[in-house]
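Here this note's numbering is used: the first residue of the sequence shown is 763, the next is one more, and so on.
Where is the CB? At the ideal position from N, CA and C, for every residue including glycine.
As structure tokens, the structure follows; a few thoughts come after it.
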Amino acid sequence: VLLNTLPVCLSDGSFLLCGRIAGKEGEHPLIPCAVTCTSVLEELHIHPLPGVWNHGEYPLPYPETTMAAENGRVHALVRNEHGPALCFESTDNGRNWSAAQESTLPAAPAKMCAGVLSDGRQYVIFNEKTAQNDRSRLVMALRKNMESDFDTLYLLRDGFDASLQGGPYWHY
763 VLLNTLPVCL SDGSFLLCGR IAGKEGEHPL IPCAVTCTSV LEELHIHPLP
813 GVWNHGEYPL PYPETTMAAE NGRVHALVRN EHGPALCFES TDNGRNWSAA
863 QESTLPAAPA KMCAGVLSDG RQYVIFNEKT AQNDRSRLVM ALRKNMESDF
913 DTLYLLRDGF DASLQGGPYW HY
């Protein structure tokens with residue numbers, strides 16, 4: 763398991779992390795998944811997200827996954843090199859998942875980071891898709907809760923900052 767998120771404590775007291783797994787030992791981790799456990803000492807329970815990757819097809823070369831959770835509901839976003847990010851929903855704390863829906867976020871194919879702010883609003887930080895198809899613009903989308911769409915987009919960084927010496931793109 764290659765985990766992409768920090769653990770989040772869910773409404774039932776369990777913990778959820780998102781990441782990706784390999785179909786077999788020795789293969790690259792190309793299957794997006796959620797991982798649940800009730801404590802750090804318990805065995806991890808891996809829940810692959812629904813998709814063709816569960817049938818031996820691997821269209822996503824980097825299926826990095828992030829999520830936000832609220833009152834038993836979890837939304838997961840998966841990086842997609844071939845189009846919009848994929849969105850999955852769980853209503854049972856990440857144990858079962860809906861089929862993929864295309865996200866409406868203008869996300870470039872790069873890792874995203876999601877969570878919940880102290881006031882309950884949900885956020886996603888991502889590289890916005892640009893005409894240059896690069897990662898030069900870092901933005902944060904906000905929404906009120908799981909029931910609403912992301913309705914506010916904040917520009918965090920636009921363009922490369924040479925003083926950071928981190929490459930010609932934003933990463934986090």
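In chain order, which continuous runs of the beta strand (DSSP E) of length 3 or greater are located wholly inside the region 816-878?
827-832, 835-840, 848-852, 875-878
Buried versus exposed, by CB contacts within 10 Å (16 or more), N973:
The requested residue 973 is not part of the displayed model; the chain covers only 763 to 934.
Spatial distance of L764 from D913 (CA atoms)
Taking the straight line from one Cα to the other gives about 31 Å.
I need the straight-line Cα distance from E826 to N889, nearest angstrom please.
14 Å
Put A796 into one of helix, strand or coil per three-state DSSP.
strand
C-alpha gap between L792 and S880, whole angstroms
33 Å
Classify L895: buried if its beta carbon has 16 or more other beta carbons within 10 angstroms, exposed otherwise.
According to the sequence as given, residue 895 is Asn; it is not Leu. Counting Cβ neighbours within 10 Å, N895 comes out exposed, since fewer than 16 surround it.
Near P812, which residues of its chain fall below 6 Å by C-beta distance, leaving aside the five closest residues on each side in sequence?
W859, A861
Can you look up V901 in the DSSP assignment and give me helix, strand or coil?
strand
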